[in-house]
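Heads up: the sequence shown is residues 928 to 1247, going by our numbering.
Note that CB positions come from ideal geometry on N, CA and C, so glycine has one too.
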Amino acid sequence: YADFVENPRFNAFAFKHNDRYFIAIFNGIPFIVSTLILRMLADDRLFKHVGDPNEEEGNLPLYTRFTPNAARIAEAKLGAIAPKNAHRQIYALHLCNFVFDFLAAHELAHIAHGHVGYRASECGIPYVSEVCWVPGTPNGNLELQAMEMDADFSASLPVVTTVKRIVSDRARLPQPMSELYQDAAQAIFDMGVAVCILFRLFGDSRITGVNLSNRTHPPTRWRQMMILNRMGNYIERFWDSSLYASAEQAFTRAIAEVENAFELITGLPQEVEGLHDVWHVSGWDYAVKIAACWNDTLRPKLKKYAFAALSPYSFDPAKS
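Here's what the structure looks like:
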C-alpha cells in the first residue's frame, strides 16, 4: 500500500506493519520538486532546446532560500513561478514524472529486496527512511548505506527500461509527449536531468575528509554520479550498446545543465567539489568498501526476506 502522508519535508519511507508492507511519501515532495522545476523552465536562460524560451521572462526573482522543505519554501514567500510556453510547461512536468518514477521504484526496491523485512526482524526497526542520518554503529550504518546503494541501482533499471519501451512505442503517445521521446539520446538526457535535480537538492556533499561511519546514507553526490554510471551500464547491456557514447554525453550535459540552473535560479555560486570527489581515489575506495559490505555481508542476510533476486555489485572506474 502506498500513499502520501502530511509532512512538508522531502522524505519517504518503506515500512512493515502486521505482515503488510507500506510506502509513505511525504506530501512535501511534489510541492518541492514542481516548484523548483517549473521555476527552472520559466527562466529564458535555461533548457534553451525546449519550446520557445523567448516567451519566458528574464529577471525572475531568485530562489536564494530554496530548501527541500515545503513549509520553509512557503515561509520564504518565493512565489509560484511557471513557464509561459506550453511546451516548456509540459517538459517541466515530464521531468517531475521522472523524479517520482525513480522515487517510487527506489521504495519498492527496499521492500522487494528484503531491506524492510530484515530491518524489522533482525533490528527491531520496521522501516527504512530516506533522509534520516543519525549516529550509529559503523558496521550497521555501512549496511544501511549498502541498502540505499542497492535501492538506487535497482530503481535505475526500471527507469531505463521504461524509457527504452516508450522510445520504441512513441508513435502511440499523443502530441507533444511523443516529441519528448523522439530521440533516444534526448530522452536519456531528460532522465539524467531528473536524477541530477533530485540529488542536487541536498547540496554538494563531500566524501574526501568526511567520516561516513555515522551516516545511514551514502553522500548524495556519490549517489547521483553512481546512479548515472549505473544507468549508462544498463543502457549498454539492456538497451543498445551503440547508445553508450550518446548516454555518456547526455549525462555530462545533464550534470552541467542542472548545476548551471541551480546557480542561475539561486544566485549562489556552483559548488562541485563533491562531484569531483566521486571520481577521485576517495570515491572509488568508498565504492569498493560499500560493494564488499553488500556482496559479502549484507546480501546473504537479506536473501530470506527478499522477494526478488539480489544482484552482486562491482565498481570499475568510468571508461572516460
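Contact check, residue i vs residue j, beta carbons under 8 Å
i: residue 1239; j: residue 1222; result: yes
i: residue 1198; j: residue 1145; result: no
i: residue 1242; j: residue 1211; result: yes
i: residue 928; j: residue 1044; result: no
i: residue 959; j: residue 995; result: yes
i: residue 1184; j: residue 1120; result: yes
i: residue 1107; j: residue 1021; result: yes
i: residue 1200; j: residue 1133; result: yes
i: residue 1072; j: residue 1179; result: no
i: residue 1049; j: residue 950; result: no
i: residue 1192; j: residue 970; result: yes
i: residue 1141; j: residue 1068; result: yes
i: residue 1118; j: residue 1158; result: yes
As assigned by DSSP and simplified to three states, the class of residue i
i: residue 1230; result: helix
i: residue 984; result: strand
i: residue 1171; result: helix
i: residue 1144; result: coil
i: residue 1223; result: helix
i: residue 972; result: coil
i: residue 996; result: strand
i: residue 1238; result: coil
i: residue 936; result: strand
i: residue 1129; result: coil
i: residue 1064; result: For residue 1064, the pLDDT reaches just 48, beneath the cut-off of 50, and the residue's location in the model is therefore unreliable, although a value from the coordinates is still provided. Coil.
i: residue 1033; result: helix
i: residue 1161; result: helix
i: residue 1018; result: helix
i: residue 1217; result: helix
i: residue 946; result: coil
i: residue 1008; result: coil
i: residue 1059; result: Note that residue 1059 has pLDDT 45, beneath the 50 cutoff, so the model's placement of it is unreliable and the number below is only indicative. Residue 1059: coil per DSSP, three-state reduction.
i: residue 1212; result: helix
i: residue 929; result: strand
i: residue 1001; result: helix
i: residue 1052; result: coil
i: residue 952; result: strand
i: residue 1243; result: coil
CB-CB length for residue i against residue j, believed under 8 Å
i: residue 1086; j: residue 1148; result: 19 Å between Cβ atoms; not a contact.
i: residue 1036; j: residue 1078; result: 4 Å
i: residue 966; j: residue 1008; result: 5 Å
i: residue 1029; j: residue 1122; result: 7 Å
i: residue 990; j: residue 1005; result: 5 Å
i: residue 1082; j: residue 1032; result: 4 Å
i: residue 1023; j: residue 952; result: Contact doesn't hold; Cβ gap of about 13 Å is too wide.
i: residue 955; j: residue 937; result: 6 Å
i: residue 1229; j: residue 1040; result: 6 Å
i: residue 1161; j: residue 1084; result: 5 Å
Cβ-heavy atom distance, residue i to the ligand SAH, below 7 Å
i: residue 964; result: In the structure shown, the ligand SAH is absent, as is every other ligand, since no ligand is present at all.
Three or more beta-carbon pairs under 8 Å between the stretch 1080 to 1098 and the stretch 1110 to 1117, yes or no?
yes
Would the stretch 973 to 982 count as touching the stretch 1012 to 1028 if we require 3 or more Cβ pairs under 8 Å?
yes
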